[in-house]
Every structure is written in structure tokens, then in C-alpha cells.
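Residue numbers (my numbering): 1 to 217.
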């Protein structure tokens, strides 16, 4: 196995392209590996992070007329973007999706979707075998059971796929808090989707903006 290590192995926004796969009602209805609200929150946070860092994002669904359209929490981030609807279960066998990804000229492929064991694992394993640097965002994905999710992760790791969580991806794209051009967008994403960390940041901001009482009066 080729180990993923060294500075060059970290994600870079200028080299990344994000593919969000099948975040649809049908898949969500049988999501049992995660609390559904968390997957909605995390996938929306990932989408907003990609937008903040100018990472090209491809949205794709499968049989949307039967399975429902992608969650508005994701599509609202990219209001003018076409969602590529497929019949193929394996996204990486759909030439339209692959051609759009290739047109970005980027080789760090970041994937999240429903379900992990099928619609994420298939394209991740195929793309890794074709030489792409593939990262799967595990907490913006989900499966029909905890076992299915964990087995899929083990299978993909065995195929050379990198595993990360959504906020780790955003932090790796930011890399340096001195990068002020993306800092505001990163902080906005954290405030909206970062849970306790976002609330703590808002609290710190409140405290910093609270005048110190004048004890001389």
C-alpha cells in the first residue's frame, strides 16, 4: 500500500474538486449509521466550505423523479447550478459527471454521499484505481447501518482512499489562520454548522465586544 503522508498529501483548495452524491430523501429515509440531522448539517457545511474556498462542486442525484431532489440545504448553496441526474448507481461510470470533474483540471477528488457502502464506495474505489487522489468525507455520508458504513470505510481504505470528516476538510483547506481572504468564509461556516465550536466563537465575540464596567464610578 502507498502511504498517504507528507505535506503534499494534505488537501489544497486550488487542487480540490468536490462531488456530492445522492443526498436525497429516499436515501435519507433508510439512513441508520448516523443521526439524519447531522448528515444534513455536515453535508451543508461541507458544501458551504467548498464555496468559501472556491472549490468546484458537482452535485449529482440518481433517479430524482423517484427518489427526490437533493436537499435544499445543499442546492441552495449553489442556486444556479445544474444537478446531474443519473441512472447509473456508480457515479464514476457516468461520463457526464466524470467529464465535468476532469474539466476542472484538479486531481484531489473529495467525495461525500448516500449511501457510503454503494454510491460512495463505488466511485471512490474506481477513481482511486484510475490514479485520482480520493478523499471520502465520512460524516457527510451515511449508510443503511453502522456496519455497512464501517465496512465500506475499511474497503475503501484498503483501496487507497483517504478518510476525513467535513470540518477537518475545511480546516485543511484553510491551513493558515493568516489567510485572510478565506478566513471570513471559514468562520461563517463554523458559526452556522460547527456546533459547539461555532456557538463558542459567537460567545467569545460577544465577550470581546462587551464594554468593561467602569469601577471608578
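Glycine residues also receive a C-beta, built at the ideal position from the N, C-alpha and C atoms.
Please read all numbers here as calculations on a predicted model, not as lab measurements.
Practice problem: From the DSSP output, in three-state form, read off residue 70 for me. | Solution: Looking at residue 70 - three-state DSSP - the assignment turns out to be coil, as it is neither helix nor strand.
Quiz item: Do you know whose CA, among 58, 184, 215, 138, lies nearest residue 168's CA?
Solution: Ranked by Cα distance from residue 168, the first of 58, 184, 215, 138 is 138.
Practice problem: Could you pull out every residue in the same chain whose Cβ sits closer than 8 Å to the Cβ of residue 163, ignoring the five residues on either side in sequence? | Solution: The residues are 135, 136, 138, 153, 156, 157.
Quiz item: Who are the Cβ neighbours of residue 4 in its own chain at under 6 Å, not counting the five residues just before and after it?
Solution: Cβ neighbours of residue 4 within its own chain (closer than 6 Å, five residues either side excluded): 162.
Exercise. Compute the distance between the beta-carbons of residue 61 and residue 143, then report whether it is under 8 Å.
Key: Cβ atoms of residue 61 and residue 143: not closer than 8 Å.
Quiz prompt | Cα-Cα separation, residue 186 to residue 17 | solution = Straight-line spacing of the CA atoms in residue 186 and residue 17 works out to 17 Å.
Practice problem: Measure the beta-carbon distance from residue 111 to residue 21 and round it to whole angstroms, keeping in mind my assumption that it falls under 8 Å. | Solution: Residue 111 to residue 21, Cβ: 7 Å. Contact.
Quiz item: Would you call residue 181 buried or exposed, if buried means 16 or more other Cβ atoms sit within 10 Å of its Cβ?
Solution: Under this definition residue 181 is an exposed residue.
Quiz item: Taking one C-beta from the stretch 202 to 210 and one from the stretch 69 to 88 each time, how about it: are there three or more such pairs within less than 8 Å?
Solution: No, they do not touch.
Exercise. Please report how far the alpha carbon of residue 159 lies from the alpha carbon of residue 109, in whole angstroms.
Key: Residue 159 and residue 109 have their C-alpha atoms spaced approximately 15 Å apart.
Quiz prompt | Residues of its chain near residue 31, where Cβ-Cβ distance is below 8 Å and the 5 sequence neighbours each way are ignored | solution = Excluding its 5 nearest sequence neighbours in each direction, residue 31 has C-beta neighbours in its own chain below 8 Å: 39, 114, 115, 142, 143, 144, listed in chain order.
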